[in-house]
Amino acid sequence: MKKFRLIIKLAVILIVAFLVGYLIFTAKQVQV
Amino acid sequence: MNTTKKFNYLHIVASAITIFFIALTFFVFPTAITRIIESFKDFGTSVAYYFKEIFFLDINVTPSVINKSSVDYVVPFGLPQTWEEFQTLWKAFWKLFISKQNFLDYMSAISNFIYYASRWLLLLGVPIILLLVMLFRRYISTHNNKYNKDSLPLKLHRNLTGKVYLPIVNWLATFKAFLKANSVYIKLWIFIWCFNFNLITILIEFLAFYFLFVATFYTKGIYTQVYKLFCDLSVVLNFIPLWAWLLIAYYIICIIRKKIGYATLNHYEAKNCGFINERPIVLMVCGTMGKKKTTLITDMALSQEVMLRDKAFEKILENDLKFPNFPWINLENDLKKQMSKHKIYNLSTTKQYIYSKFLKWNKRKTTKNIYDYDFNKYGLFYDDKLKIDFIWQVIETYAQLYFIYIIQCSLIISNYSIRTDNLLEDLGNFPMWNTDFFQKDSRLIDSYSRHSHIVDFDALRLGRKVIENNPQKDSFEFGVINLTEVGKERKNNLELRETKRKEETTNQKNDGFNDWLKMVRHSATVDMFPFVKVITDEQRPESWGADARDLCEIVHIKNADSFKLCMPFFTITELLYQFIFSKFEKVYHQYRFNRADNTLFMHLVKSLTAKFNHYVIGIHNTFGVCTASLQVESGTQDGELADKKYYLMSKKIYSKRFSTDCFSDFFNQKSIKSKVGICDLKEYDTEKASFEELQLQNSYFMNDLINKRNDID
């Protein structure tokens, strides 16, 4: 259970980082 | 003399820093001056326009706040200048966001990053790591017995820190204390930097647009204001480097998560109070050894003490409002005076004193004799639609409630010591209790802590006393009685079979303790609320005699979870700590096994790990919560068990609150007399005990067997 929660937390962190990265990347592309 | 010299010297340093900051305004942030002039102009014209619109003045004013700044800023995030451009870019952004090609480009960018990162890692990182691992293994496996000898690099490091690092740290601490004492410098620096970063300009511009907006509802200008805001913010965004922004973001996250953590702790405490309030006056906590029984009853007692004071506080206001024009402060000051003279020291003496005041007033009915209350004007009676309260009845109740509220000693009376740290804050008027459990500084608790009162069981006996004419025998009136291992004190019916009520000595059957328990609320009731709670614990409910136990509610501890953090966003730090600590643990134990000297590497690694360890432990001790699953049943043990939860919070209950081995001094006194320790005890010679070895056990069982063998022989 503890490991499962940890995996979920890490997955959420990674997904958020991926999305934020994608937002920044797209914003830069628009300006180009 | 020296102090004066140091004082002046630090003033010079602080002044030099101030001058340096002002110089930066002129040489690094000259645009801030232009912008502040513009903002004042914007503000002036907006205010003039506002009054023109309100009073229909015939003046020619054009609000300049709608214009862009003359300063040529590099706008962050490439923000477009007009609303139309922004709309076009916004649409283009979302179109691109959902386009497949853009997503593939993003994935390609990530792949490129991973490719180059792994290439560098393989080409450069892996050989370096391998080399370091080899060197490290050699370092760690070097055997020596140079006890506490410092290596040369460590000696140099110690010298350097002693001569450079520590003096700098000490100087900074002195300077920090100086700035705290002379806060004008800090305020000035904050002002200068707010000015440099256009924060004051932003505030004035906001007010300027606010005045224009409320007068005209000029919505078209909102985007220009946002654009100007980003232009002004570009100074701080560009000046502070990315790593510093990351640090600032981390600091802000730390503050937010701590706030959430404290809010959660307070929420759990409120839930605990709700649980305690649902219980009757007497309750018994049961659980086997190590189930946190004493921890639980201590925690309940601490919460109950706070709740008693809160209740008194609440009822003081209720009574205050019955006669809103009564000068209660005069009564309070009189009570405080009588308490300091020890004329008032319990509820009965409080009532007696107020009665004497009433008699005096009754003889001569003047305002002076009733605490300067103008009873002719404001009346002597209060009607609550149930009954009529006479002023002196309310004064008596108020005085008793005030007595309960104001006494600074603990309200807990227990058979083991409990530390309480509620703080009475008093400016000479109505004092306020600071009853927070979670934000107290652990370094200061000893300075204001109080401990629970030693229970005198004679005060809890209505019948015979252990000490006849005990001066404390009638001392108990109200408070929280906490008795651990109550069954060992009171015993059950089976254990008391041989004990007789008519015996000469005082015993559990003739001391009237159970009668006291049944009548306890009578001495403690003020304003129809019983200011008393009796909290006990025992391993099994049956250990306490049924006559007393039937009065209680029994709280069984089903289990207690391990401690969990209630502070969010700590996962990454926790993972990092576990990774670092597990590596350090292995290396450190190997190092301790092989070597006895001190090296620079181990010194640094150990210091840093210890710092990290202290931080993580501090967080766990502040925000750790253990959920205890409880089952509540009636003392008669014939009802259903109700499942409940109770929250044990580290900061509240483990902050030097009580000793888990509260009776250990008895065993210490016993074992200190022994001439034999564990090493002196004989060991078995082989894996099978010999007959002689069995005889050494002094066991009933073995002695029986030996006797039986002798009988057979």
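Chains as they are written, first to last, in the numbering used here: chain A, 1 to 32; chain B, 1001 to 1713. Backbone N, C-alpha and C define an ideal beta-carbon position, used for all residues, glycine too. Only a predicted model underlies this, so the values are computations on that prediction, with no experimental measurement involved.
- Message: I'd like to know if Val20 (chain A) contacts chain B, where contact means its C-beta is closer than 7 Å to some C-beta of that chain.
- Response: no
- Where does Val1061 (chain B) sit, in a helix, a strand or coil, going by DSSP? coil
- Task: Could you have a look at Pro1030 (chain B) and say whether DSSP puts it in helix, strand or coil?
- Result: helix
- Between the stretch 1084-1104 of chain B and chain A, which residues of the former have a C-beta closer than 7 Å to a C-beta of the latter? Leu1089, Ala1092, Phe1093, Leu1096, Phe1097 and Asn1102
- Query: Closest Cβ-Cβ distance between Thr1082 (chain B) and chain A: below 7 Å?
  - Reply: no
- Query: Going straight from the alpha carbon of Val1714 (chain B) to that of Asn1492 (chain B), what length do you get?
  - Reply: This structure cannot settle anything about residue 1714 (chain B), because the visible part of chain B is limited to 1001 through 1713.
- Query: Name the DSSP bridge partner or partners of Ile1554 (chain B)?
  - Reply: B:Met1284 and B:Glu1633
- For Asp1446 (chain B), does the three-state DSSP call read helix, strand or coil? helix
- Task: Put Cys1626 (chain B) into one of helix, strand or coil per three-state DSSP.
- Result: strand
- If we count the other Cβ atoms within 10 Å of its Cβ and call it buried at 16 or more, is Phe1584 (chain B) buried or exposed? buried
- Query: Would you say the stretch 1271-1283 of chain B touches the stretch 1503-1516 of chain B, given that touching needs at least three Cβ pairs under 8 Å?
  - Reply: no
- Query: Relative to chain A, which residues along the stretch 1564-1592 of chain B have a C-beta separation below 8 Å, given in chain order?
  - Reply: Cβ contacts with chain A come from Thr1571, Ile1572 and Leu1575.
- Does the stretch 1584-1601 of chain B come close enough to the stretch 1645-1654 of chain B that 3 or more CB-CB pairs lie under 8 Å? no
- Task: Would you give the residue range spanned by the beta strand (DSSP E) that Ser1414 (chain B) belongs to?
- Result: Ser1414 (chain B) -> beta strand (DSSP E) spans Ile1412 to Ser1414.
- Item | Under the three-state DSSP convention, the category Lys1645 (chain B) falls into | strand
- Is there contact between the stretch 1312-1329 of chain B and the stretch 1390-1410 of chain B, where contact requires at least three CB pairs shorter than 8 Å? yes
- Task: Report the three-state DSSP secondary structure of Pro1723 (chain B) (helix, strand or coil).
- Result: Residue numbering for chain B in the displayed model covers 1001 to 1713; residue 1723 (chain B) lies beyond these limits and cannot be assessed.
- Message: With distance defined between alpha-carbon atoms, name the residue in B:Phe1403, B:Gly1635 and B:Ile1202 nearest to Ala1524 (chain B).
- Response: Closest option to Ala1524 (chain B), judged by alpha-carbon separation, among B:Phe1403, B:Gly1635 and B:Ile1202: B:Phe1403.
- Minimum C-alpha distance to Lys1385 (chain B) - residue among B:Lys1670, B:Leu1331, B:Lys1322 and B:Cys1409: B:Lys1322
- Message: Going by beta-carbon coordinates alone, are Pro1568 (chain B) and Arg1158 (chain B) separated by less than 7 Å?
- Response: no
- Quick one: which residues of the stretch 1101-1133 of chain B get their C-beta closer than 7 Å to a C-beta of chain A? List them in chain order. Asn1102, Tyr1106 and Ala1109
- Query: So with Cβ pairs under 7 Å, would you call Gly1078 (chain B) a contact of chain A?
  - Reply: Closer than 7 Å to some Cβ of chain A, the Cβ of Gly1078 (chain B) qualifies, so yes.
- Task: Work out the CA separation of Ser1629 (chain B) and Lys1559 (chain B) for me, nearest whole Å.
- Result: A small correction: the amino acid at residue 1559 (chain B) is Asn; Lys does not occupy that position in the sequence shown. Answer to the nearest angstrom: the Cα atoms are 5 Å apart.
- Task: Measure the alpha-carbon distance for Val1266 (chain B) versus Glu1542 (chain B) and round it to whole angstroms.
- Result: For the sequence presented, residue 1266 (chain B) should be read as Asn rather than Val. Approximately 35 Å between the Cα atoms of the pair.
- Query: Per the contact definition of three or more C-beta pairs closer than 8 Å, is the stretch 1601-1610 of chain B in contact with the stretch 1238-1257 of chain B?
  - Reply: no
- Interface residues of chain B facing Lys3 (chain A) [CB-CB closer than 8 Å]: In chain order: nothing, as chain B lies at least about 12 Å away.
- Cβ-based neighbour list, Leu1331 (chain B), same chain, cut-off 6 Å, excluding 5 preceding and 5 following: Tyr1371
- Query: Would Thr1003 (chain B) be called buried (16 or more neighbouring beta carbons within 10 Å of its own) or exposed?
  - Reply: Confidence at Thr1003 (chain B) is low in this model, with a pLDDT of 47, below 50, so the placement of that residue should be treated as unreliable; the coordinate-derived value is given next. With fewer than 16 Cβ atoms within 10 Å of its Cβ, Thr1003 (chain B) is classed as exposed.
- Query: Going straight from the alpha carbon of Lys1465 (chain B) to that of Ile1535 (chain B), what length do you get?
  - Reply: Going by the C-alpha atoms only, they are around 22 Å apart.
- Query: Any C-beta of chain A sitting closer than 7 Å to the C-beta of Met1001 (chain B)?
  - Reply: Low per-residue confidence applies at Met1001 (chain B): pLDDT is 44, beneath 50, and the placement is therefore not dependable, though the value from the model is reported in the following sentence. Output row for Met1001 (chain B): interface = no.
- Task: Flag Met1649 (chain B) as yes if its beta-carbon sits less than 7 Å from any beta-carbon of chain A, otherwise no.
- Result: Residue-level contact check: Met1649 (chain B) does not touch chain A, since none of the beta carbons of chain A fall below 7 Å from its beta carbon.
- Can you list, in chain order, the residues of its chain whose CB lies under 7 Å from that of Ser1141 (chain B), leaving out five sequence neighbours each side? The beta carbon of Ser1141 (chain B) lies closer than 7 Å to those of Asn1594 in the same chain, with the five residues before and after it left out.
- Query: Smallest Cα separation from Phe1691 (chain B): which of B:Lys1675, B:Ser1674 and B:Arg1709?
  - Reply: B:Arg1709
- Message: Taking the alpha carbon of Leu1460 (chain B) as the reference point, which residue from B:Arg1443, B:Lys1502 and B:Ile1481 has its own alpha carbon closest?
- Response: B:Ile1481
- Item | Opening and closing residue of the alpha helix (DSSP H) in which Phe1375 (chain B) lies | Counting along the chain, the alpha helix (DSSP H) containing Phe1375 (chain B) begins and ends at Phe1375 to Tyr1378.
- Can you tell me the Cα-Cα spacing of Leu1418 (chain B) and Asn1613 (chain B), whole angstroms? Per the sequence shown, residue 1418 (chain B) should be read as Ile rather than Leu. A straight line joining the alpha-carbon of Ile1418 (chain B) with that of Asn1613 (chain B) spans about 29 Å.
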